[in-house]
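Residue numbers (the numbering used here): 13 to 250. Single-structure report; data block below.
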């Protein structure tokens, strides 16, 4: 999976479009780290983002890889930096967002299976992920870590969707750029029920809709696997 292209002797362009992480069929933290390592001589990276998010731990690792790289990272949000993709955007030395762009922040969430003790451990992990994200937002924005944490907890943990002007007012970007008309994305409202209506039925020539169908199929397969696992446990107990 190629996510970086050289644009000059010491410059490169990197794309994070679509979902984040192997589970969602997107790039992994390992791919990003390897890509950046192979571009250790690059001094300027333009990172284009259009993603509704994905695997939180993968995204946090990507954020850290970008911050470790010696190059100046210039983030450009072409459409949406949602969920963990908005955390990745915070790795930028500069951040711009399209006039028709959005950012979304929220508390980390995920599924769990097992005993009460296992679920408590998973809940603790989600809190740690949320805390890491809040630190990233606070470092770039004009609000504190505790204020970031509260924003993420609003709306029962669904957080907030910010348009370009709101992103600017919160200090999450330094510049609004021209709108990217070709960019569109269908956001899965089972994951993000508070998504603005502009995302409900958008479709970039069928690609966004196909990405959404693939994600739902993966979710269904996961649910079936969990049910089968439960049946196996019940059979062993019997």
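Yeah, the Cβ is synthetic: ideal placement off N, Cα and C, and Gly gets one too.
Do you know offhand how far residue i's Cα is from residue j's?
| i | j | result |
| --- | --- | --- |
| residue 95 | residue 120 | 8 angstroms |
| residue 100 | residue 63 | 10 angstroms |
| residue 108 | residue 75 | 16 angstroms |
| residue 142 | residue 180 | 22 angstroms |
| residue 187 | residue 167 | 28 angstroms |
| residue 209 | residue 200 | 12 angstroms |
| residue 129 | residue 20 | 53 angstroms |
| residue 35 | residue 73 | 15 angstroms |
| residue 178 | residue 204 | 19 angstroms |
| residue 133 | residue 207 | 29 angstroms |
| residue 127 | residue 135 | 12 angstroms |
Short of 6 angstroms in beta carbon distance, which residues of its chain neighbour residue i, apart from the five on each side in sequence? Order them along the chain.
| i | result |
| --- | --- |
| residue 146 | 157, 160 and 161 |
| residue 191 | 110, 111 and 112 |
| residue 77 | 44, 45 and 48 |
| residue 93 | 61, 101 and 115 |
| residue 29 | 62 |
For residue i, collect the residues of the same chain with a Cβ closer than 7 angstroms to its Cβ; drop the 5 residues on either side in sequence, then sort them by chain order.
| i | result |
| --- | --- |
| residue 131 | 124 |
| residue 175 | 114 |
| residue 163 | 117, 171 and 172 |
| residue 51 | 16 and 24 |
| residue 148 | 75, 99 and 102 |
Starting from residue i, follow its DSSP beta bridges and name the residues at the other end.
| i | result |
| --- | --- |
| residue 87 | 59 and 107 |
| residue 28 | 61 |
| residue 48 | DSSP, once it has assigned bridges, lists no residue as partnering residue 48. |
| residue 132 | Note: residue 132 sits in no beta bridge, so no partner. |
| residue 187 | 108 |
| residue 23 | 56 |
| residue 96 | According to DSSP, residue 96 bridges with nothing at all. |
| residue 18 | 24 |
| residue 141 | Residue 141 pairs with nothing; no bridge assigned. |
| residue 116 | 94 and 173 |
| residue 66 | 32 |
Could you pull out every residue in the same chain whose Cβ sits closer than 8 angstroms to the Cβ of residue i, ignoring the five residues on either side in sequence?
| i | result |
| --- | --- |
| residue 22 | 53, 54, 55 and 56 |
| residue 31 | 37, 38, 63, 64, 65, 66, 223 and 227 |
| residue 218 | For residue 218, the predicted model reports a pLDDT of 41, less than 50, meaning its position is unreliable; a value from the coordinates is still stated below. Cβ neighbours of residue 218 beyond the five flanking positions: none. |
| residue 169 | 118, 119 and 121 |
| residue 150 | 156, 157, 159 and 160 |
Please state if the CB of residue j and the CB of residue i are separated by a distance shorter than 8 angstroms.
| i | j | result |
| --- | --- | --- |
| residue 152 | residue 183 | yes |
| residue 58 | residue 86 | yes |
| residue 60 | residue 88 | yes |
Report the option in the options whose CA atom is closest to the CA atom of residue i.
| i | options | result |
| --- | --- | --- |
| residue 27 | 50, 141, 90 and 209 | 90 |
| residue 41 | 178, 143, 167 and 97 | 97 |
| residue 33 | 68, 19 and 134 | 68 |
| residue 79 | 92, 102, 93 and 70 | 102 |
| residue 71 | 129, 105 and 144 | 144 |
| residue 139 | 165, 149, 150 and 207 | 165 |
| residue 106 | 205, 189, 18 and 203 | 189 |
| residue 154 | 207, 185 and 211 | 185 |
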